[in-house]
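Below you'll find the structure, written out as structure tokens, and then a few comments.
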Amino acid sequence: SQKIEQNSEALNIQEGKTATLTCNYTNYSPAYLQWYRQDPGRGPVFLLLIRENEKEKRKERLKVTFDTTLKQSLFHITASQPADSATYLCATGDMRFGAGTRLTVKP
Amino acid sequence: NAGVTQTPKFQVLKTGQSMTLQCAQDMNHEYMSWYRQDPGMGLRLIHYSVGAGITDQGEVPNGYNVSRSTTEDFPLRLLSAAPSQTSVYFCASSKIQGATAGNTIYFGEGSWLTVV
Numbered sequence: 011s012q013k014i015e016q017n018s019e020a021l022n023i024q025e026g027k028t029a030t031l032t033c034n035y036t037n038y039s040p041a042y043l044q045w046y047r048q049d050p051g052r053g054p055v056f057l058l059l060i061r062e063n064e065k066e067k068r069k070e071r072l073k074v075t076f077d078t079t080l081k082q083s084l085f086h087i088t089a090s091q092p093a094d095s096a097t098y099l100c101a102t103g104d105m106r107f108g109a110g111t112r113l114t115v116k117p
Numbered sequence: 022n023a024g025v026t027q028t029p030k031f032q033v034l035k036t037g038q039s040m041t042l043q044c045a046q047d048m049n050h051e052y053m054s055w056y057r058q059d060p061g062m063g064l065r066l067i068h069y070s071v072g073a074g075i076t077d078q079g080e081v082p083n084g085y086n087v088s089r090s091t092t093e094d095f096p097l098r099l100l101s102a103a104p105s106q107t108s109v110y111f112c113a114s115s116k117i118q119g120a121t122a123g124n125t126i127y128f129g130e131g132s133w134l135t136v137v
């Protein structure tokens, strides 16, 4: 069956470091991958979308990669801040979601 | 600009009761959808609509009904609530179906439902 998985349920890092979150998909070839941020008690908010023919996409301190050989997307937050603490969800273009990774950035 | 508005925010139901979760968007989006979010699982699609008068089932439709009489509104009905329907429900809208460049998906703030 088609699956989209985020390997880490939680990730704790120190302020200023780069956070790297992983999203893997199996039995599937999505044309797009996207990343959302979800704060406690709130709905997901769209961050970035990357096409299968794009290797990398950037937006301010955020960077997303898409590796169709590894069937994986990586989401990076550079110079992380406590305000970046949230759950991050990956999803395919047809809106299949991973379970999310809860990121905590400690001062 | 209100975006996607869901009501109620919180609700407690008894097993067997029925209720409707409301969803409205003011962006003139054709595509609307309902998801449920459970711990350890990704958002799962319940029902969706590609336009007024058109609805279809998603991944987990059993126990839920929808209708789309206007472009703005997409209510989700629980016919006879069961404890397994305890969850957080999110409504989403976008111009068209599917995430592509230029077609951002907007989510509501969620409705927390507990069935006892």
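Chains as they are written, first to last, in this note's numbering: chain A, 11 to 117; chain B, 22 to 137.
Beta carbons are placed, not taken as given, at the ideal position from N, Cα and C, and that holds for glycine.
Remember, predicted model here, so these are calculated numbers, not experimental data.
By the 16-neighbour rule on beta-carbons within 10 angstroms, valine 137(B) is exposed. Counting only the Cα atoms, tryptophan 55(B) lies some 7 angstroms from tyrosine 110(B). Here DSSP, grouped into helix, strand and coil, assigns alanine 93(A) to helix.
A straight line joining the alpha-carbon of proline 104(B) with that of glycine 53(A) spans about 23 angstroms.
Chain-ordered, the chain A residues with CB closer than 9 angstroms to the CB of phenylalanine 128(B) read Tyr46, Gln48, Arg52, Gly53, Pro54, Val55 and Phe56. Using a Cβ-Cβ cut-off of 9 angstroms, glycine 74(B) is close to nothing in chain A; its nearest Cβ partner there is about 22 angstroms away.
Contact annotation for phenylalanine 111(B) against chain A: Gly53 and Pro54 [CB-CB distance below 8 angstroms, chain order].
If you draw a 10 Å sphere on the C-beta of isoleucine 87(A), you find 16 or more other C-beta atoms in it, and that means buried. If you check the CB distance, leucine 31(A) and threonine 114(A) do not come in under 8 angstroms.
With a cut-off of 8 angstroms on Cβ pairs, the segment 32 to 39 of chain B is not in contact with the segment 76 to 85 of chain A, counting fewer than three such pairs.
Taking the beta carbon of alanine 101(A) as reference, the chain B residues within 9 angstroms of it are Gly63, Leu64, Ala120 and Ile126, listed in sequence order. Annotated as distal: leucine 64(B) and phenylalanine 56(A), with beta-carbon spacing of 8 angstroms or more.
Taking 8 angstroms as the CB threshold, aspartate 104(A) lines the interface with chain B.
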